[in-house]
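Student: Protein chains in written order, with numbering that gives the first Met the number 0: chain A, 0 to 322; chain B, 0 to 367.
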Amino acid sequence: MAVTLAQAINQALHDAMSEDERVLVFGEDVGKLGGVFRVTDKLQEKFTEDRCFDTPLAESGIIGTAIGLAMYGFRPVPEMQFDGFTYPAFEQIVSHLAKMPNRSRGTVKLPVTIRIPYGGGIGAVEHHSESPEAYWAHTAGLKVFTPGTPEDAYSMMRAAIAMDDPVIFLEPKRRYWMKSDTTLPVQTEPPHRAVVRREGTDVSVFCYGPMVRTAMEAAEAAADEGWSLEVVDLRSLSPLDTPTMVASVERTGRAIVVHEAAQTLGMGAEIAARIQEQAFYSLEAPVLRATGYDTPYPPAKLEEFWLPDVDRILDLVERSLNY
Amino acid sequence: MADAAIDPRELLPPDEPVHLLDPDGTYHEDPEHPIDLDDAGLRELYRLMLVTRKVDREAINLQRQGQLGVYASCMGQEAAQVGSAYALAEEDWIFPSYRELGAALVRQVDAAGLLHLYRGTWLSDHDPYKHHFGLMSIPIGTQALHATGFAMGARLDNNPIVTMTYFGDGGTSEGDPHEAMTFAGVTRAPVIFFVQNNQYAISVPLEKQTAAPTLAHKAIGYGLPGRRCDGNDVLATYAVTKKAVDRARAGEGPTFIEALTYRMEAHTTSDDPSRYRTQAELDEAALTDPIARMRNFLQQRDLYDTELEEAVEDQAKEVASYVRAGIYDAPHGDPMELFEHVYVDPTGHFDLQREQLRSELDAGQGEG
Numbered sequence: 000m001a002v003t004l005a006q007a008i009n010q011a012l013h014d015a016m017s018e019d020e021r022v023l024v025f026g027e028d029v030g031k032l033g034g035v036f037r038v039t040d041k042l043q044e045k046f047t048e049d050r051c052f053d054t055p056l057a058e059s060g061i062i063g064t065a066i067g068l069a070m071y072g073f074r075p076v077p078e079m080q081f082d083g084f085t086y087p088a089f090e091q092i093v094s095h096l097a098k099m100p101n102r103s104r105g106t107v108k109l110p111v112t113i114r115i116p117y118g119g120g121i122g123a124v125e126h127h128s129e130s131p132e133a134y135w136a137h138t139a140g141l142k143v144f145t146p147g148t149p150e151d152a153y154s155m156m157r158a159a160i161a162m163d164d165p166v167i168f169l170e171p172k173r174r175y176w177m178k179s180d181t182t183l184p185v186q187t188e189p190p191h192r193a194v195v196r197r198e199g200t201d202v203s204v205f206c207y208g209p210m211v212r213t214a215m216e217a218a219e220a221a222a223d224e225g226w227s228l229e230v231v232d233l234r235s236l237s238p239l240d241t242p243t244m245v246a247s248v249e250r251t252g253r254a255i256v257v258h259e260a261a262q263t264l265g266m267g268a269e270i271a272a273r274i275q276e277q278a279f280y281s282l283e284a285p286v287l288r289a290t291g292y293d294t295p296y297p298p299a300k301l302e303e304f305w306l307p308d309v310d311r312i313l314d315l316v317e318r319s320l321n322y
Numbered sequence: 000m001a002d003a004a005i006d007p008r009e010l011l012p013p014d015e016p017v018h019l020l021d022p023d024g025t026y027h028e029d030p031e032h033p034i035d036l037d038d039a040g041l042r043e044l045y046r047l048m049l050v051t052r053k054v055d056r057e058a059i060n061l062q063r064q065g066q067l068g069v070y071a072s073c074m075g076q077e078a079a080q081v082g083s084a085y086a087l088a089e090e091d092w093i094f095p096s097y098r099e100l101g102a103a104l105v106r107q108v109d110a111a112g113l114l115h116l117y118r119g120t121w122l123s124d125h126d127p128y129k130h131h132f133g134l135m136s137i138p139i140g141t142q143a144l145h146a147t148g149f150a151m152g153a154r155l156d157n158n159p160i161v162t163m164t165y166f167g168d169g170g171t172s173e174g175d176p177h178e179a180m181t182f183a184g185v186t187r188a189p190v191i192f193f194v195q196n197n198q199y200a201i202s203v204p205l206e207k208q209t210a211a212p213t214l215a216h217k218a219i220g221y222g223l224p225g226r227r228c229d230g231n232d233v234l235a236t237y238a239v240t241k242k243a244v245d246r247a248r249a250g251e252g253p254t255f256i257e258a259l260t261y262r263m264e265a266h267t268t269s270d271d272p273s274r275y276r277t278q279a280e281l282d283e284a285a286l287t288d289p290i291a292r293m294r295n296f297l298q299q300r301d302l303y304d305t306e307l308e309e310a311v312e313d314q315a316k317e318v319a320s321y322v323r324a325g326i327y328d329a330p331h332g333d334p335m336e337l338f339e340h341v342y343v344d345p346t347g348h349f350d351l352q353r354e355q356l357r358s359e360l361d362a363g364q365g366e367g
């Protein structure tokens, strides 16, 4: 049965709310409208306005009250409508959500899952195509997950909501309509594990979220050139599954990291550092990065020139192989 | 949703702050703000204020001796804190800023434990669920949202508890209290926003903080009643808060209270208030001291004698020396605690870093 990534998340929210009445979904327009991407479609109808509600348009308010609700004993799943709207909530996320369990020496648990549709490629206006993952992955106390398939979107969302740690759940919005033949519910690997999506022998391609599909397409195209790419879907950006990354590089001897976010101090920097720390003698070439440029996210008509695509990845594959 | 039948003028603060006690202790009855406390309750307010002041003084001394890195005094604000906190029931929750020592003592939070924040040993030491008292932290006004969310939770759960959050005049300029009041107004959450207007945000005086006629006038913008009281009058802070508590518990929603008080000490021990306020101003503020005022009142009521004075003084000294001992004796921090309580379920790289610290510590021990 064909299921889109958006439908998988909707089903995950639905099933979590059915199983645990402490699960609350709230944010801007998540109620009657069902969210601007319809990810929360019909949840209010099914679970009443007590458990799926529209909030005032105030992101710090949404996360700050989620913290209070979690302290009370609920399991909030607030939505930040778009990546670029998360910044007003930055203080509540990094100063309290991430730190309060530690500040309280473990007496306060904050099982909050923040849903953030992120990334570009949908022709949106400014502030609707950001990739803020490095901010969250840089913050101790948070877990950062991002699914690249509908199956993972379902399973990882269920795992995130069930966790007692706060989770930033990054939804690749350009993949909301991506379909899989699957039957829900489905349970995939635990979220802190990276998964080898395609085995290969020449170059390891590390990717996550929206770039998983792009990397798979690149691997297909590379095969036509006679190059065998191994595609590793990281799934969790915090924690990062270093052993799986290292094992892959030990097999292939080459690594490329692909992400939409700007290059400087992006996830690629951390991944490259870990690989050279732990798999230095396996490397046949430097770790290369196919990323967005170090500019603000461009206007929609230019985004195709900014976003990493199959060609940008293949150029790096060639560079790596020729090193 | 806001009840259309409410006259918006009802939300505006009264022309004069509620004031029940003169500095000489003379009591003015106000039928709108009755005091439902017996003699023991009245003495208890006095005791709590005096203990707060002694512990506060002890903390300043400890800072001067290098035992605390810094300390934010609440001297002069005892009536605002003790009276308001005392108006809550035990099951109600308080979400404080870092300056609410008096409210913490009402909640029987261990005072020595609270000072770990300033000593630098632990970030916080008390169990919020045991005392119904949230964690102190430094960001300004952010706790107003936690109080509101908690109250929203209580309301969803049909639990008749009330939450109260404290912030200062500076806090009213931050965004989070505004978002909190917006959420509270819309959801009718049982939360009280208690603002201690102590006249300064570090060095910035109230007139540079707001152009509003009073802080309490802000409330109407959120559909909340704005109330004002003499914050150095413990009976007024108690009575005004009690009314807001009853209102919230009856499902009638949140209230904003501005207590007019004065920060008699520096913002923190690192601050030099002589740069921005005069001795004359301090001398004038001292005339309205909340503790002397309550003592005068108890004397007028024949509720105060040398026995009470000695008992309360002895207790205050005892708590102060307990605090001193608690600070001296506290462990200086277990390095391995760095990695405790960051995640409920830590994995991967984090575990490797923890092992690295452990091996560094083991190596250090070997040298010793």
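Backbone N, C-alpha and C fix where the C-beta goes; we use that ideal spot for every residue, glycine too.
Would you kindly work out how many angstroms separate the C-alpha atoms of His95 (chain A) and Ile66 (chain A), rounded to a whole number?
Tutor: Each residue's Cα considered, the two are about 8 Å apart.
Student: To the nearest angstrom, how far is the alpha carbon of Pro212 (chain B) from that of Leu11 (chain B)?
Tutor: Each residue's Cα considered, the two are about 11 Å apart.
Student: Can you tell me whether Thr263 (chain A) is buried or exposed, with buried defined as 16 or more other CB within 10 angstroms of its CB?
Tutor: Exposed: under 16 other Cβ atoms inside 10 Å.
Student: Pick out whichever of B:Gly167, B:Thr268 and B:Pro16 has its Cα sitting closest to the Cα of Gly140 (chain B).
Tutor: Answer by Cα proximity: B:Gly167.
Student: Give the straight-line distance between the Cα atoms of Thr268 (chain B) and Val318 (chain B), rounded to the nearest whole angstrom.
Tutor: Roughly 21 Å separates the two Cα atoms.
Student: Taking the alpha helix (DSSP H) that Ala110 (chain B) falls in, what are its first and last residues?
Tutor: Ala110 to Leu113 is the extent of the alpha helix (DSSP H) around Ala110 (chain B).
Student: Can you tell me where the alpha helix (DSSP H) holding Glu77 (chain B) begins and where it ends?
Tutor: Start and end: Glu77 to Tyr85.
Student: Could you have a look at Ala217 (chain A) and say whether DSSP puts it in helix, strand or coil?
Tutor: Helix at Ala217 (chain A).
Student: Compare the C-beta of Gln91 (chain A) against all C-beta atoms of chain B and say whether one is closer than 8 Å.
Tutor: Interface residue, yes.
Student: Look at Ile256 (chain B) and Ile160 (chain B) and say whether their C-beta atoms are less than 8 Å apart.
Tutor: No.
Student: If we count the other Cβ atoms within 10 Å of its Cβ and call it buried at 16 or more, is Tyr165 (chain B) buried or exposed?
Tutor: Buried, because 16 or more other Cβ atoms sit within 10 Å of the Cβ of Tyr165 (chain B).
Student: Evaluate the contact criterion for the segment 286-298 of chain A versus the segment 176-184 of chain A: three or more CB pairs, one atom per stretch, below 8 Å.
Tutor: Short answer: they don't touch.
Student: May I ask you to report which of helix, strand or coil DSSP gives Met266 (chain A)?
Tutor: The answer is helix: DSSP assigns Met266 (chain A) an H, G or I state.
Student: Which term fits His145 (chain B), buried or exposed, when burial requires 16 or more other beta carbons within 10 angstroms of its beta carbon?
Tutor: It is buried - the Cβ of His145 (chain B) has at least 16 other Cβ atoms within 10 Å.
Student: By Cβ distance below 6 Å, which residues in the same chain neighbour Ser128 (chain A) in space, the five residues on each side in sequence not counted?
Tutor: Excluding sequence neighbours, Ser128 (chain A) sits near Gly119 and Tyr296.
Student: Please work out which residues of its chain come closer than 8 Å, Cβ to Cβ, to Thr200 (chain A), disregarding the five sequence neighbours upstream and downstream, and give them in chain order.
Tutor: Within the same chain, Thr200 (chain A) has close Cβ partners Ser227, Glu229, Arg250 and Thr251.
Student: Under 7 Å Cβ-Cβ, which residues of chain B neighbour Ala139 (chain A)?
Tutor: By Cβ distance, chain B contributes Val341.
Student: Which residues bound the alpha helix (DSSP H) around Phe304 (chain A)?
Tutor: Here the alpha helix (DSSP H) through Phe304 (chain A) covers Glu302 to Trp305.
Student: Does the beta-carbon distance from Ala103 (chain B) to Phe132 (chain B) come in below 8 Å?
Tutor: In this structure, Phe132 (chain B) lies closer than 8 Å to Ala103 (chain B) by Cβ.
Student: Whole angstroms is fine: what's the gap from Val244 (chain B)'s alpha carbon to Met215 (chain A)'s?
Tutor: Distance between the alpha carbons of Val244 (chain B) and Met215 (chain A): 60 Å.
Student: Could you name the residues of chain B that Arg102 (chain A) contacts, counting a contact when the two beta carbons are closer than 7 Å?
Tutor: Those within 7 Å of Arg102 (chain A) in chain B are Leu122, Ser123, Leu134 and Ser136.
Student: If you scan the segment 86-155 of chain B from start to end, which runs of the alpha helix (DSSP H) of 4 or more residues do you find wholly inside it?
Tutor: Correct list: 100-105, 110-113, 115-118, 127-130 and 142-155.
Student: Which residues mark the beginning and the end of the alpha helix (DSSP H) in which Val43 (chain A) is found?
Tutor: Checking the displayed sequence, the identity of residue 43 (chain A) turns out to be Gln instead of Val. Counting along the chain, the alpha helix (DSSP H) containing Gln43 (chain A) begins and ends at Leu42 to Arg50.
Student: Would you mind stating whether Ala222 (chain A) and Leu313 (chain A) have Cβ atoms separated by less than 8 Å?
Tutor: No, the Cβ-Cβ distance between Ala222 (chain A) and Leu313 (chain A) is not below 8 Å.
Student: Please list, in chain order, all residues of the same chain as Ser358 (chain B) whose beta carbon is under 6 Å from its beta carbon, the five residues on each side excluded.
Tutor: So the list is empty, once near-sequence residues are dropped.
Student: So Pro224 (chain B) packs on Glu9 (chain B), CB below 8 Å; how close in whole Å?
Tutor: Rounded, the Cβ-Cβ distance is 7 Å, consistent with contact.
Student: Between the C-alpha atoms of Ser247 (chain A) and Ser237 (chain A), what's the straight-line distance to the nearest angstrom?
Tutor: Looking at the two C-alpha atoms, the distance is approximately 19 Å.
Student: With DSSP as the reference, label Met0 (chain B) as helix, strand or coil.
Tutor: Note on Met0 (chain B): pLDDT 47, under 50, position unreliable in the model; the coordinate value appears next. The answer is coil: DSSP assigns Met0 (chain B) none of H, G, I, E or B.
Student: Take Thr181 (chain B) and list the residues in its own chain whose beta-carbon comes closer than 7 Å to its own, dropping the five residues that flank it on each side.
Tutor: Here the set comprises Tyr221.
Student: Compare the C-beta of Ala218 (chain B) with all C-beta atoms of chain D and state if any pair is closer than 8 Å.
Tutor: Reference to chain D is not applicable here, since the protein chains of this structure are A and B.
Student: Around the C-beta of Val2 (chain A), are 16 or more other C-beta atoms found within 10 angstroms, so that it is buried, or is it exposed?
Tutor: With 16 or more Cβ atoms within 10 Å of its Cβ, Val2 (chain A) is classed as buried.
Student: Hey, does Thr290 (chain A) have any beta-carbon neighbour from chain B nearer than 8 Å?
Tutor: No, Thr290 (chain A) does not count as interfacial toward chain B.
Student: Out of A:Pro75, A:Trp305, A:Glu283 and A:Ile270, which one is the CA nearest neighbour of Cys51 (chain A)?
Tutor: For Cys51 (chain A), the nearest C-alpha among the options comes from A:Pro75.
Student: Can you list the residues of chain A that Asp126 (chain B) reaches, using a CB-CB cut of under 7 Å?
Tutor: Neighbours of Asp126 (chain B) on chain A, chain order: Thr106.
Student: Quick one, which residues of the segment 181-212 of chain B are near chain A if we go by CB-CB under 8 Å, in chain order?
Tutor: So the close ones are Thr181, Phe182 and Val185.
Student: For the beta strand (DSSP E) holding Phe192 (chain B), just list the boundary residues, first then last.
Tutor: Val190 to Asn196 is the extent of the beta strand (DSSP E) around Phe192 (chain B).
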